[in-house]
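There are 2 protein chains.
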Amino acid sequence: MELWYSENHSEDVKFSIRVDKQLYTGKTDYQRIDVMTSKEFGTFLTLDGLMMVAEKDEFIYHEMITHVPMSVNPEIKNVLVIGGGDGGTVKQLVRYEGIENIDLVEIDRAVVEVSMRFFPGMRVGFEDKRVTVYYEDGLKFIRSKRNEYDLIIVDSTDPFGPGEGLFTREFYGNCSKALNENGIFVNQHESPYYDNYANSLVRAHSRIKGVFPIHKLYQAHIPTYPSGHWLFGFASNKFDPLEDLDADKWNKLGIKTEYYNTDLHKGSFALPNYVKELLENA
Amino acid sequence: MELWYSENHSEDVKFSIRVDKQLYTGKTDYQRIDVMTSKEFGTFLTLDGLMMVAEKDEFIYHEMITHVPMSVNPEIKNVLVIGGGDGGTVKQLVRYEGIENIDLVEIDRAVVEVSMRFFPGMRVGFEDKRVTVYYEDGLKFIRSKRNEYDLIIVDSTDPFGPGEGLFTREFYGNCSKALNENGIFVNQHESPYYDNYANSLVRAHSRIKGVFPIHKLYQAHIPTYPSGHWLFGFASNKFDPLEDLDADKWNKLGIKTEYYNTDLHKGSFALPNYVKELLENA
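What follows is the structure, given as structure tokens:
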């Protein structure tokens with residue numbers, strides 16, 4: 002028999018993966034969660050029918066969302082991750098000995114439980130003593146925080162479901178307040194290619210721009226995400242992701258990566274003209 | 002009714018496009034040619050069921066295969082394009098006033114005829130006096146050429162059909178002989194992500210490496226190609242694509258582009274670690 006998982010990247014484009022077996026399906030107060038295995042991508046997890054992590058290439062997304070800010074300021078000690086219940090982001094963060102504390106705020110406890118169960122390779126972050134998991138709404142969690150964090154990473158779903166609030170001006174403003182004067186804010190920033198994603202991208206960018214004086218986007222090749230062309234946002238009151246990159250310092254840490262390197266760091270901020278034009282109109 | 006074009010990016014991954022109408026289908030001595038219209042990508046052309054050009058994003062591939070070499074040596078005067086019967090590459094080339102001659106060698110006359118008919122926007126190259134089209138096998142055409150060209154662009158199909166010979170050591174050696182001492186060789190170089198494409202990539206690279214002392218790869222985000230992560234090869238006896246880039250000079254030409262810019266030029270050569278490892282083992 003043939004079993005295919007299909008995801009609409011736009012109304013008129015479909016991406017399909019041959020599935021060996023559906024390992025899990027469940028519905029929570031927030032979303033539907035599915036886990037499947039496939040020959041091409043290994044085990045993968047979807048939320049409301051959108052690809053979140055696949056064993057084959059989760060390293061691309063998680064390396065790019067963590068090592069870019071960490072290499073701009075390797076002195077980062079106190080980190081807040083909003084979303085990221087699959088563990089991929091904290092897995093990368095706990096590799097830094099200098100990090101003293103990581104708060105992970107995931108609204109949906111089931112995402113953590115399911116990920117721990119089906120992605121043993123991504124569990125290591127949750128087992129680290131420096132990591133505290135809060136099962137709360139990130140939007141509310143952040144409101145009371147002032148000058149606390151060196152880094153906030155927003156590792157959210159798309160702004161179409163429970164992740165919606167994490168793309169609002171109010172949220173970005175609260176993140177700015179929760180960061181100390183050295184603070185860096187990084188978020189997954191959608192794709193420029195298909196209209197529905199590009200609209201989210203432009204909206205998010207126009208809001209972040211109003212909050213942080215330094216705000217740049219960088220890109221990565223993530224084949225399991227719509228169009229494979231994915232963007233991340235880097236924002237700060239102090240650090241410029243290119244001028245303040247100390248490549249030697251990061252390379253001396255000896256962190257072995259499969260996607261990220263400091264040359265690629267610089268290259269990833271060089272955006273195509275059509276993307277720059279999208280952002281200028283934001 | 003629903004009409005979908007589907008392409009297997011690997012045995013277990015399928016990419017599907019909702020089609021408005023099939024405008025053309027034909028079979029030549031070399032391949033099957035289809036032209037369809039779609040809401041998402043506009044008109045698109047496939048050869049043997051593989052996506053070649055789509056109105057929406059053909060600019061990405063064609064800008065990256067031409068402007069990268071042209072900005073490294075804006076003095077280029079004599080160009081050979083092998084393949085490229087859709088006209089997208091010569092459309093970009095004829096924008097350079099300094100180019101005096103372009104030979105385009107396309108094995109399949111029908112590709113040119115069909116493209117001229119259904120992609121009026123890409124016809125401009127064929128209407129330029131400096132362009133001569135030869136309906137021949139590029140592999141044979143190149144054999145008798147010595148020290149003639151400043152630039153050879155191999156704008157071929159994948160090495161699974163009529164394009165196969167354009168990925169051989171013999172062909173690369175003949176290209177090297179056909180180039181003058183300033184010569185640059187650029188080719189479409191497949192994708193690193195899915196095994197079948199990555200194998201072609203590694204094989205091609207190991208052969209080119211044996212022929213040209215300078216050989217580097219660069220990447221672009223092309224969502225309509227498998228994985229969206231596409232590579233190009235840059236090879237030369239003389240020019241290094243990064244050290245010899247004169248960004249100011251190219252920018253002064255005032256060529257308006259939708260994807261390419263000289264920052265992105267530099268960034269596109271910064272490859273992910275997993276791709277670099279693939280190539281080191283080549």
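Here the protein sequences line up with chains Y and A, keeping their order.
Each number in my numbering corresponds to the 1-based position in the first sequence with 1 added.
Each number in my numbering corresponds to the 1-based position in the second sequence with 1 added.
Note that the Cβ used here is the ideal one computed from N, Cα and C, for glycine as well.
Close Cβ partners of residue i (< 8 Å) along its chain, the five nearest in sequence each way excluded
| i | result |
| --- | --- |
| Y62/Y | V54, G89, Q189, A221, I223, Y226 and W231 |
| L243/Y | K217, K267 and F270 |
| P1/Y | Outside the displayed range of chain Y (2 to 283) lies residue 1/Y, so it cannot be described from this structure. |
| G43/Y | A55, E56 and K57 |
| D167/Y | As written in the sequence, residue 167/Y is Leu, which differs from the Asp given in the question. Result list for L167/Y: I83, G84, G139, L140, V155, S157, P160 and N188, in chain order. |
| Y198/A | D159, E191, S192, P227 and S228 |
Close-in-space but distant-in-sequence residues of the same chain around residue i (CB under 6 Å, 5 per side omitted)
| i | result |
| --- | --- |
| P121/Y | none |
| S7/A | K15 and S17 |
| K92/Y | M123, V125 and G126 |
| L280/A | H206 |
| M117/Y | R124 |
| N102/A | N79 and R131 |
| R170/A | R208 |
| D49/Y | Q32, R33 and G162 |
| D245/A | V73 |
Beta-ladder partner(s) of residue i, from DSSP
| i | result |
| --- | --- |
| R19/Y | W5/Y |
| W251/A | Note: W251/A sits in no beta bridge, so no partner. |
| H216/Y | A236/Y |
| F186/A | I153/A and A236/A |
| I83/Y | V106/Y and V155/Y |
| S39/A | V20/A and G43/A |
| G27/A | I34/A |
| V14/A | I18/Y and S11/A |
| Y135/Y | V106/Y |
| L51/A | L48/A |
| A221/Y | W231/Y |
| L180/A | Y150/A |
C-beta atoms of residue i and residue j nearer than 9 Å
| i | j | result |
| --- | --- | --- |
| A271/A | L265/Y | yes |
| G184/Y | S237/Y | yes |
| K22/A | M2/A | no |
| S11/Y | I83/Y | no |
| G85/Y | E59/Y | no |
| D13/Y | E41/A | yes |
| G211/A | Y173/A | yes |
| M65/A | Y195/A | no |
| Y135/A | L105/A | yes |
| D241/Y | I215/Y | yes |
| D87/Y | V69/Y | no |
| A283/A | V155/A | no |
| D247/Y | S72/Y | yes |
| K239/Y | E182/Y | yes |
| A179/A | N200/A | no |
| E128/Y | G99/Y | no |
Residue environment, residue i, which counts as buried when at least 16 other CB atoms sit within 10 Å
| i | result |
| --- | --- |
| S192/A | buried |
| N175/A | buried |
| N74/Y | buried |
| T133/Y | exposed |
| D35/A | buried |
| W5/A | exposed |
| R96/A | buried |
| T263/Y | buried |
| T26/Y | exposed |
8 Å contact criterion, which residue i and residue j should meet: CB distance rounded
| i | j | result |
| --- | --- | --- |
| S177/A | F233/A | Rounded, the Cβ-Cβ distance is 18 Å, inconsistent with contact. |
| F186/Y | I143/Y | Not really, about 11 Å apart at Cβ, beyond 8 Å. |
| F119/Y | L51/Y | That pair is no contact at about 17 Å. |
| N274/A | T258/Y | 6 Å |
Cut-off 7 Å between Cβ atoms - residues of its own chain near residue i, not counting five sequence neighbours on either side
| i | result |
| --- | --- |
| V276/Y | P193 |
Heavy atom of the ligand HEM within 8 Å of residue i beta-carbon
| i | result |
| --- | --- |
| T29/Y | With respect to small molecules bound, the structure shown includes none, and the ligand HEM cannot be examined in it. |
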